[in-house]
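Trainee: Structure incoming, see below.
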Amino acid sequence: MIKKNIPSLDNGIEIIKNELITIPNKPGIYQMIGENEEYLYIGKAKNLKNRVTFYTQPKRLNSRLTYMVSNTIRMEIVITSSEMEALLLESNLIKKFEPTFNILLKDDKSFSSILLSLSHSFPQLSAHRGLRSIKGKYFGPFVSRGTVYKTIETLQKAFLLRTCNDNMFKSRSRPCLQYQIKRCSAPCVSYISKESYKESINHAVQFLSGYSKDIKDNLIKKMYKASDDQNYEAAGIYKNRIKALTEATARQNINVPNLNNVDFLVLKKIDNKVVIQMSIVRGGCNYGSKAYFPKIGKNGIDVQEDEIMKAFICQFYNKNEPASIILVNQYPKDKELVEELLSKKVNQKIKIEYPKKGKKLDIINLVLNNANESLNRKIYERSSNKNNLKNLQEIFGFTDSINKVEVYDNSHHQGKSPIGAMVAFNEDGFSKSLYRRYNIQTDYKKNSSISNDELTNNNDYLMMEEVMKRRFIGKNSSNFPDLLIIDGGKGHLNIVLSVLKDLKIDKINVLAISKGKERDAGREHFFTKNKDNFNFNKDDPTLFFLQNLRDEVHRYAIAGHRLKSKKTLFKNPLDEIEGIGAIRKKTLLEEFGSAKSVGEANLEDLLKVDGISKSSAKKIFNFFNE
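Heads up: the sequence shown is residues 1 to 626, going by our numbering.
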């Protein structure tokens, strides 16, 4: 009988051979699953039987595949109608389950775009991210959100377009500050006609489409004409617009003819470390560059570069729209299939090319230089993070090595709008996908018999206790950190240790950081189970590291608290009445004007409102009058 709990290559091969009996010669995906239902690997195949058979041949398996097969205790097979459908399903499942041995793109957020909304007679200029569901013209994508705002600022200066929302637009009785600083033509108060504003919109569209030279030439002619007519104020306005456009194009122009819409993807791999440097060109302008560091799993040194490029393209363009041409320094595996998938996604022909000469190759080499710098910097940061984590272990005498750290803090104002926050850190830096905020659910009653300081501490201890319980009760121990860092003193340490003891969790170290004398940075006190009131020298690099961790969770907690406070400030009392949904709330507000007026209404007035029954009217009246 096979002992599935003991990793063995023979056991894994036998399990796969048993699955082969029922696997057909059809396209689809196969999923290798290990202990505790852990997804080890998800792959696609044109012919499932042939592909899975490969894993039963030990001599053809490298160290990575050998380890993967050895840990497999069962397989799942999904049949698809085509290889392309299998590729799409594979990409989606990899994103969902994050298998140990697959190539994973962690940072695959959609890029920002510039949106010119067309639902209004005076279109609004705005930054947009996510699904392109709003009616209008989209320009981008831009790698950096900062670049989006800089471009919008340029368009405001050059074409005086509005950026305010429709509600603000219709409520204006006089021009806003944007008009005063010459960044808007004030269409809200009819300082510009629809025809003139439309002309400005057309110029902006031309500029964003790569025809900046034509726009500038037109503005130069208008400037000289205004000057000849001795209209120096108008000439000055045109001069400022030309200056704004010149600065923008100088910053973005890549000076490559016939290169309008292109994505550059350059891969660099050193051992098991890999970077893909991406640069985006739209309308002949450079829309930014960004480095991505895909996770290539255990024994990543055996992963081929064409596999990495394929995984990146499939996962990245699942959320982002590709350019018509993607220039690479490494063809992806199954190139034609990947091209077909992308083409189907955007309903136009997408080509993946590897330039061998000319200006395109020059740019590829330039992007490759950036990739080398990004990878070297990442390697250095990872090495520095490893050293900092190792120093933590040695200084505080922790038995086990520290690979993953979670840092906790609470934020509230005199007990109001309390938030618990956690940030995660490992050798790769801060793991923002693991960040969590805890909306404190318990209303900790104030005790008038104790002082304000005692009250604050008491509430803070209870909040930390709640956060710890919610973090660890019923959770998978494989996801636990090696070290908890608490922003607080010895009291907070004891609370956390008590919770862990009750939950029978004994392999997590705890470190508490309390503010120093006069709350000065560098005078912090550190507490652990075995060290009491430990201090660092002011210039100790480990102290700087711990301060950085504490400051990050502090920032994250305060941001959550402010958001919650804002929501509480603008909370509508009608939301608290049982049975009063969005439609009835809207009807009441339209009838009475505000929640305050609803509360002042008598029962007879409430009954006159359409859709408000007698029972609902009584609920509303009693809510405000009991």
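Each residue gets a CB set at the ideal place from its N, CA and C atoms; glycine is no exception.
Taking DSSP as the reference, what is the three-state secondary structure of VAL609?
Mentor: Residue state, collapsed to three classes: coil.
Trainee: Would you mind sorting THR399 into buried or exposed? The rule is 16 or more other CB atoms within 10 Å of its CB.
Mentor: Exposed is the call here.
Trainee: In three-state DSSP terms, what is PHE526?
Mentor: Three-state DSSP puts PHE526 in a strand.
Trainee: State the start and end residues of the unbroken alpha helix (DSSP H) segment that holds ALA617.
Mentor: Start and end: 614-625.
Trainee: With the cut-off set at 8 Å, would you say LEU267 and TYR238 are in Cβ contact?
Mentor: Not a contact, by the Cβ cut-off of 8 Å.
Trainee: Would you mind sorting GLN627 into buried or exposed? The rule is 16 or more other CB atoms within 10 Å of its CB.
Mentor: Given that the chain is displayed from residue 1 to residue 626, the structure contains no residue 627 and the question cannot be resolved.
Trainee: Leaving out the 5 sequence neighbours to the left and right, which residues in its chain are closer than 7 Å to LEU606 when beta-carbon positions are compared?
Mentor: Answer for LEU606: ILE612, ALA617, ILE620, PHE621, listed in chain order.
Trainee: In or out: ASN509 buried (at least 16 other Cβ within 10 Å) or exposed?
Mentor: Answer is buried; the Cβ neighbour count reaches 16.
Trainee: Assuming SER289 is part of the beta strand (DSSP E), what are its boundary residues?
Mentor: From DSSP, the beta strand (DSSP E) with SER289 extends over 285-292.
Trainee: To the nearest angstrom, how far is it from the Cα of LEU327 to the Cα of SER91?
Mentor: Looking at the two C-alpha atoms, the distance is approximately 21 Å.
Trainee: Leaving out the 5 sequence neighbours to the left and right, which residues in its chain are closer than 8 Å to TYR287 when beta-carbon positions are compared?
Mentor: Cβ within range, chain order: GLY140, PRO141, PHE142, VAL143, THR147, GLN252, ILE280, VAL281.
Trainee: Mind checking whether LYS490 and PHE526 have CB atoms under 8 Å apart?
Mentor: No, the Cβ-Cβ distance between LYS490 and PHE526 is not below 8 Å.
Trainee: Quick check on LEU219: does DSSP put it in helix, strand or coil?
Mentor: It is helical.
Trainee: Which of the three DSSP states, helix, strand or coil, is assigned to LYS273?
Mentor: Residue state, collapsed to three classes: strand.
Trainee: Note down, in chain order, each residue of its chain lying with its Cβ closer than 7 Å to the Cβ of ALA234, except the 5 sequence neighbours on either side.
Mentor: So the list reads ALA226, once near-sequence residues are dropped.
Trainee: To the nearest angstrom, how far is the alpha carbon of SER8 from that of GLU14?
Mentor: The straight-line gap from Cα to Cα measures roughly 10 Å.
Trainee: Does the contact criterion of 3 or more C-beta pairs under 8 Å hold for the segment 459-474 versus the segment 409-422?
Mentor: With a cut-off of 8 Å, the segment 409-422 and the segment 459-474 count as touching, because enough Cβ pairs lie within range.
Trainee: List the whole-angstrom C-beta distance separating PHE623 from ILE583, where the pair is believed to meet the contact cut-off of C-beta under 8 Å.
Mentor: That pair is no contact at about 18 Å.
Trainee: When DSSP labels each residue in this structure, what does ALA371 get in the three-state scheme?
Mentor: DSSP places ALA371 in helix when its eight states are reduced to three.
Trainee: Can you name the start and end residues of the alpha helix (DSSP H) that ARG145 belongs to?
Mentor: 145-159 is the extent of the alpha helix (DSSP H) around ARG145.
Trainee: What are the uninterrupted segments assigned as beta strand (DSSP E) that are 3 or more residues long and contained completely in the segment 465-539, given in chain order?
Mentor: Listed in chain order, they are 483-487, 509-514, 525-527.
Trainee: Does the beta-carbon of PHE396 have 16 or more other beta-carbons within 10 angstroms, so that it is buried, or is it exposed?
Mentor: Per the 10 Å Cβ criterion, buried.
Trainee: Assuming VAL338 is part of the alpha helix (DSSP H), what are its boundary residues?
Mentor: Looking at the DSSP string, the run of the alpha helix (DSSP H) that includes VAL338 is 335-346.
Trainee: Just list the alpha helix (DSSP H) runs in the segment 188-215, keeping only unbroken ones of 4 residues or longer that don't cross its boundaries, in chain order.
Mentor: Counting whole runs of 4 or more residues, the segment 188-215 contains the alpha helix (DSSP H) stretches 194-208.
Trainee: Return the CA-CA distance between ASP460 and ILE580, expressed in angstroms with no decimal places.
Mentor: About 35 Å.
Trainee: Between PHE316 and VAL338, what straight-line distance do the alpha-carbon atoms span, to the nearest angstrom?
Mentor: For PHE316 and VAL338, the distance between alpha carbons rounds to 12 Å.
Trainee: Between which two residues does the beta strand (DSSP E) holding ARG179 run?
Mentor: Note on residue identity: the sequence assigns Tyr, not Arg, to residue 179. Segment 177-180 is the alpha helix (DSSP H) holding TYR179; no beta strand (DSSP E) there.
Trainee: In the structure shown, what three-state DSSP assignment does ASP362 receive?
Mentor: DSSP places ASP362 in helix when its eight states are reduced to three.
Trainee: Ignore the nearest five residues each way along the sequence and tell me which others in ALA323's own chain have a CB closer than 6 Å to its CB.
Mentor: Excluding sequence neighbours, ALA323 sits near ASN261, VAL262, ASP263.
Trainee: Below 8 Å on the Cβ atoms is my guess for LYS386 versus GLU427; work out the distance and round it to an integer in Å.
Mentor: Rounded, the Cβ-Cβ distance is 5 Å, consistent with contact.
Trainee: What's the C-alpha gap between MET627 and LEU104?
Mentor: Outside the displayed span of the chain (1 to 626) sits residue 627, for which this structure offers no information.
Trainee: PHE97 and ARG162: beta carbons closer than 8 Å?
Mentor: Cβ distance not < 8 Å, so PHE97 and ARG162 don't count as in contact.
Trainee: Kindly list the residues whose CB is nearer than 8 Å to the CB of LEU125, restricted to its own chain and excluding five residues on each side of it in sequence; keep chain order.
Mentor: Result list for LEU125: ILE114, LEU115, LEU116, ILE152, LEU155, GLN156, LEU161, ARG162, THR163, ALA204, in chain order.
Trainee: Are ASN388 and THR587 close, meaning C-beta to C-beta below 8 Å?
Mentor: Cβ distance not < 8 Å, so ASN388 and THR587 don't count as in contact.
Trainee: Check the C-beta distance from ARG402 over to ASP482 and give it rounded, since I have them as a contact under 8 Å.
Mentor: Here residue 402 is Ile; the residue named in the question, Arg, does not match the sequence. Right, their Cβ atoms sit about 5 Å apart.
Trainee: How is SER448 classed by DSSP in three states: helix, strand or coil?
Mentor: At SER448 the pLDDT is 39, less than 50, meaning the model places this residue with poor confidence; the figure from the coordinates comes in the next sentence. DSSP places SER448 in coil when its eight states are reduced to three.
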